[in-house]
Every structure is written in structure tokens, then in C-alpha cells.
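Novice: I'd like to ask you about the structure that follows.
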Amino acid sequence: MMKSRRAWGSLASIGLSMTLLLAACSSNTSVSQNNSSTPQPPATATEGGTLVVAAPVEPDTLDSQKSTWLDTTNSQAYDSFLSRDMQGKLVPHLAESWEVSDDGKVWTLKLRQDVKFHSGAPLTAEAAKISIERFAEISPVKDLAGPIEKVEAADPNTVKITFKEPFAPFANMLLGTFITPLDPERLKEKGDQFGEAPSATGPFMNPETKRGASVTYVKNPDYKWGQVYADNPGAPYVDKIVFRFLKDDDTRILEFKKGTIHILQEVPTTYVQELQAVPGVKIETSMEQGMKYLGFNNQKEVFKDVRVKQAIAMAVDREPIVQYALSGFAKPIFGPLPPTIPGHSEKIENMAKEMYGYNVEKAKQLLAEAGYTDSNGDGILEKDGKPFSLELLLMDDPVLQRVAQILQNQLKEIGLDIRIAVTDAATVKDRAIKGNHELFLLYFGLNDPDILYLLMETSNSKRVHYSDPKVDELLTKGRTTLKEEERMKVYEEAMEILVKNPPWVPLYVTESVTATRNIEGYKLNPFTGDILFGDIKITK
Amino acid sequence: MGRLHRYLFRRLLSLLGTLLGVTILIFLLVQLIPGDPVQYLLGEYPTEEAIAAMNAQLGLDQPWIMRYFHYVGKLLQGDLGTSYFTGITVWQEIQDRFPITLQLALYSIIIATVVGIIIGMIAAVKQNTWVDRLVVFISLLGISAPGFWIALFLIWIFAYQLSIFPISGYDGFFSLVLPSITLALGGAGMIARMTRSSMLDVIKQEYMRTAQAKGAPRTSVILMHGLQNAIIPVMTLIGLEFGSLLAGAIVTETVFSLQGLGSLAIEAIGKRDLPTIQGIVFFAAVLFALTNLLVDLLYTLFDPRIKYE
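Sequence order for the protein chains is A and B. Numbering follows this note's numbering, with no gaps: position 44 of the first sequence is 25. Numbering follows this note's numbering, with no gaps: position 271 of the second sequence is 959.
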């Protein structure tokens, strides 16, 4: 999930003339390279030591059931029930096997028997039940897990979850640690404050939080139930792991170059070349489970004519966007789902590419058919005496701002005048939800095709404000169809409509860049977003 | 002393009025910024029902005037509210974060004052020489250079190249040296300019000539007769600078990754954590008002002619 770490704007406490200036920094400071060509002695990997990670966002809480998002910083104390291996195949984790009843309403998870909480107490079905019930009660994202009716501990190692109606996305919900067994003793003791001292079954434990600065975990020495695809399913090699939250990009880069950080997450693409030149630095990329798109407010009169939307889609050339705005660290995308999300279909992707490949002439022709002409010769089209001019709303993210400028130029080619409006993330979302927008740049991310329901189903469509009864019907069916193959067919059908009458112009899938230094064994699972920290050894 | 007491009482009373005004302004301002904390609290894809339930839970479904009275009512009981996101009370968050910002502000104000007054005085004494012009130029540079630029410049030289100080993060006094200098430069420039112009006025006064004529040494004339008379406007400025230090701390803390009040403010604003934003701004307002009251009281120390009525 992308988060903008920068913000421009001001909030003045009037009468005191005190302006709280929101920090913002140039991302283009060029720092000359220390070209010491002394050969590096062959590094030897050792166990132990403290692994330092510079993470982009500080979690509000370490209680996974109170979080709205999970990343490496707030999931280390936990284990998921299921996982996907590096090829994307569903594999067991805490649940050694699982099955779904024929009516799709009852999920049965058989738990591994050798798992212990950080306290030493064994993992039981009862503990899992309490945790799942707590999730269904208090989690801000509980709706993502569907209509859970009841949870039972059928025997000491079997948990049964019953749904009011079948809910297929549940499998992908089990990959993350929103739904994860928590230590019932600690829960009883801490209650609402569980996040201050979480205890569960994960590879790291006893987090120490310095608000605004860092979270430090120590390894779980008794861990032996790591991911099936891990090289080291046992206790992590490192003794400690520190997540530091450095807010300014220039500072993060300098810290990394100084050698105080092993893993630098979310490297701005503009710095990659500079970091590559540092001896011993490895650049790792991973495709996100989501995409950035140019959205239409489909309720606006201008977009009621599908030809207008299609023309805009054809006028977008993704290649320069990827090259110039992202330094090549992205893949162009035409269809509704990226390859990293189940449900992605090559057939749909090719169809979309066919329809909306870069074609200025065809776009102009579509607009002419829709009644847009350049009557005053200023290069901007008009219809009914009004110029063809739209506002493009986006957040103050440096990459998106570059994308917006390129789009502005490209759309000018077809006679569309774009007014760029940059504001902060909260304002973009607010305006989008209220329908107070025309064109906008935004992103989405989730590990299940149900994302299409969340974005496009009429009552849920709060950004593109799309509405199509057939799409609604299909996306609702997709939620309740548990047979994988059948389910994917349903999405294919829905996506076909979403390509023909597009709610948006899909732009690109970001390859998030991580720089590592003085470590070995770094591996990121693109299907879960997990980094196997247990596999990592420090070499220096 | 009776007079001072009455003065203090009046000032504190008017301070209460100011703070009440501040609460209204903060509250309205926070209402006016677009964006909704509930959008962040419920993740990316909340349902209609979940949004309604959360709004009710936080009391955001009430009309703003009701919420304002509720807020002021709580405030009067010393309750700044609880962060929507961390579940920690705003007062606790401020207590956790303020020490770093306070140290940063104090070191900065000391550096700014000492450096500013010294070079300001030198410039005034050496008026129209190259020393004067250099001081004027440098102070202008200090005032106009953006904080983040100075910060990165200092980090690059003293932390990255020379490894004297840490690049970022808080780890005791040493890690506050570069941030304090960064934050002090603007203020030092302002104070130097004010000291210079105030001194120039004073130097022209007849008592200065008298003092010199009596045969008092030049340094003592400048310090005892000159500076003491020139310091009042400078002190006012120092009091006001304290406010911009709090604001400047936001940028400085962000670049240096210090977990102070400024970085807390920025996070809260980004997520629209209303109680935290309101709490920090209110806290800063109180601090600012008290500082300026203190400055006003200090006037008498330097200038016995000033009396509080």
C-alpha cells in the first residue's frame, strides 16, 4: 500500500501568526559519490547481530486487529494461518490443512500441533477462536473478512468458522495477520492495550516501541514453524530487528549510504542509480499487488458518453510515463487487475491493450463523433460552446506529480485541457468520496480480486462512482463462488465489461524498490508482501 | 510589588481570553480542512455502515457547535482528548514528545540569542565597514535559507562526510547539535539585525557620549550603557522567535527524524487526527503566550524605567 510521506500545506493558528509548516524536501539533492575503489574483503555471513530496516510508515499500533494495514513493521510478532509460496500457490502455515464445506459456509482449519505462543503456552483451537472472534468484533477492517456468523473450537486443534453466506475472499484474508491467533493470557491481561505488548506465535517478539522513531523486536528462540518456502523455518538468524521510521528521503538515503541501515524499503526511483553505485548494495524490486490509475468520476455528465472515456484511454501513452516518471520501475497495465492479484487474465489484458493501445488519431475521431470540435482554433476542443477542460486531482506525491504532467501533455494532443490540482492524500480521498472531482490519479491494493467489488459495485464505488447492474451482479457472484476456476471465470466476465465501458484508465503497476546492504538471504514474497527476515544473515 | 501582582493578574486574565479565542480558531480550522479521519481509521474500503458507526462512536455525527462545547468542557477539566489512531491520550503523547522539542527550542534560542547579539553589536560598532556588511549579508542568508536546505547541508558535511554527529534520530544531546544549529540560524539572523539597528539608535544618544567623555572604557560603554538600552526590542523579538522555533521544529524534526512535537503534529495532520492536532496547537499557543508574558516581565530587569500599570 502506498503512502505519501510528504505533505505540503499550512495550518495557521491565527492570532498567533504561528505557521506550522508541513515539511517538504527536494528529492533531487545530488550527493557526490565517494569513489573509494578499495576492494571489499569477502564478507562472511554470521548469525546474531541486529538487523536495521528503514521502513516508510510507522504503525499506529502493533495490535494487528486494530490496524487498518499490515506491513513488515507490525506483523513480525504474528503468523498467518495460510500463506502463498513464491509461485503464488496456497500453502499451509499455522493451519496445516483447511477445507471448505460444500455450501461454502463453513471453513475448517486444522492447526499445527507444535506451535507455541511467546509465553510458552501451546497454540490451541480455543485460543484461535478467541482471536478470530475478537477480530470480527473490533477490527476496523472486519468487513474484508466477510459475514462471519460464529467460530467454534471443534477439538483442541480444529477451528470451524461459519459464515452467514459463502465468502470466497476469506482465503486471502487468512494470508495476512489481521486474523491470527493471539496469546489469550496476554489478551486477558492487556485487553484493549494488547498492542503495547503483543504476544502471539511469530518469529520475533517483545517489541519495544519508541513512538516516532523505531520498533525493536527480539527473535523468538523457540520458533520452528516458519513458512514452508523459507530456507530457515526455524528461529531467525539475527538476534534483533529494528524498524526505523525516517521521514525524509534525503536523510534515509544518507543513512543508508553511511552504512547504518541494512534494508532500505521504498527507495524513491530517482535515487536508485546513486545507490547502485555504492559497493555492496543490492537493489531488489517487487511488483505491487495493486496499480495506479487515472480515474473518471463516472457520475459526471462528460463521462456518460463512453466515447469520451475511451478517447482519453487511447491518448495515454504509458511508456514515457514509466520511463520518465518512474525511471523504468513499473510495468504498464491496461486491464483491471495486475498480474500479482489472483483473477488477472491475459485474455482481458490483451483485449484491453488491443482496444486502448496508444492511438491519438482514433481518439480524436471518437471525440469528433461525440460532438467535440475545435471551433476557435486554440488547440482545445469545445462542445456546446464550452472548452473541453477537466481537472486532474492528485496527491502531493512526487511520482504522481510527474505522471500528471506527462498526462497533461499527452491529453493536450487530443485537445483536452487538463488543470492539475495537487493536494494532500486526505483531501483527495475526501473529494473523491463526495464526488467533487473529475479526473484523478489514485491507486489500489489488495490480494484478492474482490478489490473490484470494493471499487466498482454501485454502493461501494466511492472513487470512480461506477454503476452497472451486470457488473454488480457478477462481482457479487465472485464473492460467493468458492470454486477457484469458476470464480475466476466470473471475474473475467466482469472485467470484460470494465474494459469496454471503462471506469478508469489503468496506468502502471509499480515495482517497489528495496536496497539492501551487508546482508544475505533477502527474499520478498510478491504474493504476500512478506519478507523472510528469518532467512537473513548479516555479513558485516 | 502590589502593582506587579495586579499587572500579572490582568495579564493572566487576558491570557485566558486569548486561549479561549485560540480554541475557537483551532476548532474551526480543523473543521475546515477537507478530509475525514474516519477514512483513515477504517482502512481503504469501508462500508457505509462501518463509516456511520465510527462517526457515531467518535461523536463526529454531532453538529460542530455541540462538539466544540464538548471539547471546551473537556479542556476545562484538563482533558485534551485521546488520539483516534493510537488510543493514547493527547496529553500523554505531548508529554512523550515535548522534551525533545523543548531541548531543541532551548538550545536554538540560546545559540540564536548569543550569536545574534554578538554579531549584531559588532556590526553596529563597526557600522559601514566590511565587517558590518558581512554581518548584514550573513544574517540575511540565515533568515532566507530554507530550514530543510540548511539541515541537509549540515548533515552532509558534519554527519555524512566528517562523521562528527549522527545523521538522524535522537540519541541524547549530541544528536541535537545539528538540528539546533539549523533551527537557530534564522533566529540568529533576525536577532543580529535587530540588535544592530537598535544599537545604532542607542549609539547616537547623548548619554553614550557622556559616558565616553567621563573616560569609561569603550567596551564597558558599549556593554553597560549601550546594550542595556538596546536590548528591549531585541527581547521582544526573542519572545516572538520562540513561536517560529516551534513551527520550524516541524521541518527540522522531519529532516533529522527526531520524535518531537513537530513530527507528531505532521503525522496527526496527515491522518486528520483531530484531537491530536487540536491538542498540539493549543499546547503551543499556551507555551507561546507564557513565553511572551515572561519576556514582558523581564523588561523591568533591564530597564527600570518600565513600570507595570
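Backbone N, C-alpha and C fix where the C-beta goes; we use that ideal spot for every residue, glycine too.
Measure from the alpha carbon of B/Ala956 to the alpha carbon of each residue in B/Ala800, B/Asn917, B/Phe773 and B/Ala972, then state which is nearest.
Specialist: The candidate whose alpha carbon is nearest that of B/Ala956 is B/Phe773.
Novice: What are the start and end residues of the alpha helix (DSSP H) that includes B/Thr789?
Specialist: Val778 to Val813
Novice: If contacts are defined as beta-carbon pairs under 8 angstroms, then B/Pro867 and B/Phe930 qualify, I think. What distance do you get, rounded to the angstrom?
Specialist: No, B/Pro867 and B/Phe930 are not in contact; Cβ-Cβ is about 16 angstroms, not under 8 angstroms.
Novice: Residues bridged to A/Leu275 by DSSP?
Specialist: Note: A/Leu275 is bridge-paired with A/Leu422 and A/Val486 in the DSSP secondary-structure output.
Novice: Residues in the same chain with beta-carbon distance under 6 angstroms from B/Leu985, minus the five sequence neighbours each way, listed in chain order, please.
Specialist: Within the same chain, B/Leu985 has no close Cβ partners at all.
Novice: Residues of chain B with CB closer than 9 angstroms to the CB of A/Trp485, please, in chain order.
Specialist: By Cβ distance, chain B contributes nothing, its closest Cβ being about 16 angstroms from A/Trp485, past 9 angstroms.
Novice: Which ranges does the alpha helix (DSSP H) cover as unbroken runs of at least 4 residues, wholly within the stretch 432 to 516 of chain A, from first to last along the chain?
Specialist: Given a length threshold of 4 residues, each whole run of the alpha helix (DSSP H) inside the stretch 432 to 516 of chain A is given here in chain order: 432 to 437, 450 to 461 and 465 to 481.
Novice: Using the Cα positions of A/Arg412 and A/Leu163, report the straight-line distance between them to the nearest angstrom.
Specialist: 38 angstroms
Novice: Going along chain B in order, which residues have a C-beta closer than 7 angstroms to the C-beta of A/Trp50?
Specialist: Gly731
Novice: Excluding the 5 residues flanking B/Ala839 on each side, which residues of the same chain have their C-beta closer than 8 angstroms to its C-beta?
Specialist: Leu866, Pro867, Thr870, Val939, Thr940, Val943 and Phe944
Novice: How many Å lie between A/Ala351 and B/Ile721 at the Cα?
Specialist: 38 angstroms
Novice: Any beta carbon from chain B within less than 8 angstroms of A/Ala407's own beta carbon?
Specialist: Put simply, the CB of A/Ala407 is near chain B, with a gap under 8 angstroms to one of its CB atoms.
Novice: Mind checking whether A/Ala135 and A/Ala106 have CB atoms under 8 angstroms apart?
Specialist: Yes, the Cβ-Cβ distance between A/Ala135 and A/Ala106 is below 8 angstroms.
Novice: Mapping the DSSP letters down to three states, classify B/Asp859 as helix, strand or coil.
Specialist: Secondary structure at B/Asp859: coil, using DSSP grouped into helix, strand and coil.
Novice: Given A/Gln46, which residues of its chain have a CB within under 7 angstroms of its CB, disregarding the five upstream and five downstream residues?
Specialist: Arg115, Phe116, Ile119, Ser120 and Phe159
Novice: Could one say the Cβ of A/Pro150 lies closer than 8 angstroms to chain B's Cβ atoms, at least one of them?
Specialist: no
Novice: Of all the residues that make up the stretch 191 to 218 of chain A, which are near chain B by a beta-carbon distance shorter than 9 angstroms?
Specialist: Lys191, Arg192, Gly193, Ala194 and Ser195
Novice: Could you tell me which of B/Thr770, B/Ala872 and B/Pro787 sits nearest to B/Tyr858, measuring between CA atoms?
Specialist: B/Pro787
Novice: Looking only at C-alpha atoms, which of B/Pro992, B/Asn917, B/Gln745 and B/Glu781 sits nearest to B/Ile891?
Specialist: B/Asn917
Novice: Below 9 angstroms between beta carbons is the criterion; list the residues of the stretch 224 to 246 of chain A that meet it against any residue of chain B, in chain order.
Specialist: Arg225, Phe226, Leu227, Lys228, Asp229, Asp231, Thr232, Arg233, Leu235, Glu236, Lys238, Lys239 and Thr241
Novice: Could you please give the first and the last residue of the uninterrupted alpha helix (DSSP H) stretch that includes A/Asp315?
Specialist: The question names Asp, but residue 315 of chain A is Phe in the sequence shown. Taken as a continuous stretch (DSSP letters only), A/Phe315 belongs to no alpha helix (DSSP H), as it is neither H nor E.
Novice: Quick one: what's B/Ser951 bridged to in DSSP?
Specialist: DSSP, once it has assigned bridges, lists no residue as partnering B/Ser951.
Novice: How would you write the range of the beta strand (DSSP E) that A/Lys221 sits in, first residue to last?
Specialist: Lys221 to Phe226
Novice: Please list, in chain order, all residues of the same chain as A/Ala385 whose beta carbon is under 7 angstroms from its beta carbon, the five residues on each side excluded.
Specialist: Leu373, Leu375, Ile401 and Leu422
Novice: Start and end of the beta strand (DSSP E) containing A/Glu133?
Specialist: Ile129 to Asp136
Novice: Counting only beta-carbon separations shorter than 8 angstroms, does A/Ser448 have a partner in chain B?
Specialist: no
Novice: Which bits of chain B does A/Leu435 rub up against, with CB to CB less than 7 angstroms?
Specialist: Tyr733
Novice: Quick one: what's A/Glu189 bridged to in DSSP?
Specialist: According to DSSP, which records beta bridges pairwise, A/Glu189 is partnered with A/Thr197.
Novice: Is it right to say A/Ser11 is buried, meaning 16 or more other beta carbons lie within 10 angstroms of its own, or is it exposed?
Specialist: Unreliable positioning characterises A/Ser11 in this predicted model, as indicated by a pLDDT of 31, which lies under 50. A coordinate reading is not provided.
Novice: Which whole-angstrom value describes the C-beta separation of A/Leu388 and A/Leu275, a residue pair presumed to lie in contact below a C-beta threshold of 8 angstroms?
Specialist: Contact flag correct, Cβ pair sits at about 7 angstroms.
Novice: Skipping 5 residues on each side, what residues in its chain have a beta carbon closer than 6 angstroms to that of A/Arg233?
Specialist: Ala35 and Leu227
Novice: Helix or strand or just coil, what does DSSP make of A/Ala311?
Specialist: strand
Novice: Would you mind reading off the limits of the beta strand (DSSP E) that contains B/Glu732?
Specialist: No beta strand (DSSP E) contains B/Glu732, which DSSP labels as neither H nor E.
Novice: Does any residue of chain A have a CB that is nearer than 8 angstroms to the CB of B/Pro722?
Specialist: yes
Novice: Under 8 angstroms between C-beta atoms, does A/Arg524 make it to chain B?
Specialist: With chain A running from -18 to 521 in the structure shown, residue 524 of chain A is simply not present.
Novice: Give the interface partners of A/Ser312 over in chain B, defined as CB-CB distance under 8 angstroms, in chain order.
Specialist: Contrary to the premise, residue 312 of chain A reads as Lys rather than Ser in this sequence. The premise fails here: A/Lys312 is roughly 22 angstroms from chain B at the closest Cβ pair, so nothing lies under 8 angstroms.
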